[in-house]
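To start, the structure itself, in C-alpha cells.
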Amino acid sequence: MKLNGAPGIESKVLFKGWRNKGELRSLIAGDVGERKLSEIEETLIKLGLSKKETKVYIFLAMNGEKKASEISSATSLNRTETYKVLMKLQRMGLVSVIIERPLKFAALPLEDTLNLLIESKKMSIKVLEEEKDKLIRVWRSLPKINSIPVKREFFQVLEGYENIILKAKDIIEESEKKLCATFVLETHLYKFYYAGLLDYIEEAAERGVKAMALVVDSPALTFFIRDLRKCRIKYIKYGAHEIPSFIISDDEKLLLFLEQKFNGCGDERTSEPLTLYTNCTVLVKALNKIFCDTWEKDDQKN
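Here it is, written out as C-alpha cells:
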C-alpha cells in the first residue's frame, strides 16, 4: 500500500531497516523525504495524537492491513504498548479491526483522519468557549477581598509568533487612547499581515484610538500596510539594527521585539522570535521617546 499523496513509494522501501532504528523518518527516501514526513508527524501530534499513536498510525497508513505482531515489530513498541495504542486509535475512529484469524488492523486514509481530528478540535474549542462564559460568571459572583489596587511592574518573555500575535491582539483591542507601533522587519510584518493583526490596528483607529505607525521604507513593507487607511503612517530609512520593532498601548504597555536567540553553538539564530511584554515605566517612556523623536524627524511619505 502507498501513502496518500506519495505515489510510487513502496512500503517495503520505506520501512527497510526500520526495526533497528525505530524511527519512521530514518527510512523515508526519494520523493517523500524526511521533511515531508516530519510535517505529517508534527501535524498529527498538534491535532492530539501522541508520538506512539502517530508512529503506529503512519505505519498502518503506509502499509495497509497488518497484524499486531507486525506493527509491534516495525514500530519497536512492545506488544502491550501496541495494543494500548491500537485501542486508543480505534476509539478515536482512526483505526479499524479486520475480523479474521489472526486479527488485522487498518488505518483510516490520511485525508479522512485529518478531517476527523480537526472537527474534534473544533468541537472541543466550542465546548471550552461555552465553559469560559460560565466560569467567568461564577468567578465574578465570588466575594472579593477589598483591597487598594497597587500597580506592579511585570515582565513577560513570549516566544513564537502564535503567542506574540495573541498578545499583540489583546494589547491593540484594549487600547483606548493611543497606539504606537514600529515595523522594521519584513518577516514580522508578513506574519502580522496574514494573522489579521493589521486589521485590529485599523479597527482601533476606527473606534477613535490615535493609531500611529513607523514603517521602514521598503517595497515589501509598503505592500503589507497598503490597506491601513485610518492609521497614520510614516516611512523611515532606518535599518533593522538601528531601531527596534515594538508596540506601545496608551503609554502604559509595551511589546518589544528582541534579537532572536542563538542556538547552543552560538553562531546561528533560531527561527522563533522573542518579545518582551511589560508595563515597566522606564522602558515604556524610553521607547515612546524614540518613537516620538523619529516621528517628528521623518517626513510622511504620502
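To convert, count from 1 in the sequence shown and add 1413; that's the numbering used here. Glycine included, C-beta positions come from ideal geometry on N, C-alpha and C.
Proximity below 8 angstroms, CB of K1623 to CB of K1590 = yes
query = Tell me, which residues are paired with Y1648 by DSSP?
reply = V1628
query = Hey, quick one: how far does the beta strand (DSSP E) through K1643 stretch, first residue to last?
reply = Run containing K1643: none; DSSP gives neither H nor E here.
query = CA-CA distance, K1580 and E1543?
reply = 22 angstroms
inquiry  = The alpha helix (DSSP H) that contains I1531, what's its start and end?
reply    = L1523 to S1554
message = Let me check understanding here. Comparing Cα to Cα, which of K1479, V1551 and A1487 lies closest to R1514?
response = Per the Cα distances, K1479.
request  = State the Cα-Cα distance for the pair V1615 and V1510, rounded to the nearest angstrom.
outcome  = Note that residue 1615 is Glu in the sequence shown here, rather than Val. A straight line joining the alpha-carbon of E1615 with that of V1510 spans about 54 angstroms.
inquiry  = In the DSSP output, what is V1570 paired with across the bridge?
reply    = Answer is L1689, bridged to V1570.
inquiry  = So, at 7 angstroms on beta carbons, what are the nonlocal neighbours of E1587 in its own chain, with the 5 sequence-adjacent residues on each side left out?
reply    = S1662
ask   = Does the beta-carbon of L1555 have 16 or more other beta-carbons within 10 angstroms, so that it is buried, or is it exposed?
value = exposed
request  = Within 10 angstroms of the Cβ of S1482, are there 16 or more other Cβ atoms? Answer buried if so, exposed if not.
outcome  = Counting Cβ neighbours within 10 Å, S1482 comes out exposed, since fewer than 16 surround it.
inquiry  = Tell me the DSSP secondary structure of I1661 in three-state form.
reply    = strand
task = Would you kindly work out how many angstroms separate the C-alpha atoms of R1438 and Y1603, rounded to a whole number?
result = In this prediction, R1438 scores a pLDDT of 44, lower than 50, which makes its location untrustworthy; the coordinate-derived value is nonetheless stated afterwards. Those two C-alpha atoms are separated by around 31 angstroms.
task = Please classify K1590: does DSSP put it in a helix, a strand, or coil?
result = coil
key: Where D1444 sits in the DSSP three-state scheme   = Bear in mind that a pLDDT of 48 at D1444, under 50, signals an unreliable position, so the model cannot answer this.
message = If you follow the beta strand (DSSP E) that V1508 is in, where does it begin and where does it stop?
response = Segment V1508 to I1511, the beta strand (DSSP E) holding V1508.
The alpha helix (DSSP H) enclosing A1699, as first and last residue numbers = DSSP places A1699 in the uninterrupted alpha helix (DSSP H) bounded by T1694 to K1710.
inquiry  = Please state the DSSP three-state secondary structure of K1501.
reply    = helix
key: Residue burial classification, M1500 (beta-carbon count within 10 angstroms, cutoff 16)   = exposed
key: contact_flag[the region 1522 to 1534, the region 1637 to 1652] where n(CB pairs < 8 angstroms) is 3 or more   = no
query = So what does DSSP say about K1557, is it helix, strand or coil?
reply = coil
query = Tell me which same chain residues have a C-beta within less than 7 angstroms of the C-beta of E1466, skipping the five on either side of it?
reply = V1498, K1501 and L1502
Identified DSSP bridge partners for F1636 = Bridge partners of F1636: none, in fact.
inquiry  = Is the separation between the beta-carbon of T1600 and that of I1656 shorter than 8 angstroms?
reply    = no
request  = Count the other C-beta atoms from every protein chain shown that fall within 10 angstroms of the C-beta of V1469, then say buried if there are 16 or more, exposed otherwise.
outcome  = Buried, since its Cβ has 16 or more Cβ neighbours within 10 Å.
request  = Check whether the Cβ atoms of S1658 and L1598 lie closer than 8 angstroms to each other.
outcome  = yes
ask   = Which whole-angstrom value describes the C-beta separation of I1585 and A1617, a residue pair presumed to lie in contact below a C-beta threshold of 8 angstroms?
value = 5 angstroms
inquiry  = Just verifying my parser: in three-state terms, what is the DSSP assignment at A1520?
reply    = In the three-state reduction of the DSSP assignment, A1520 falls in the strand class, which pools E and B.
request  = With DSSP as the reference, label L1598 as helix, strand or coil.
outcome  = Coil at L1598, not helix or strand.
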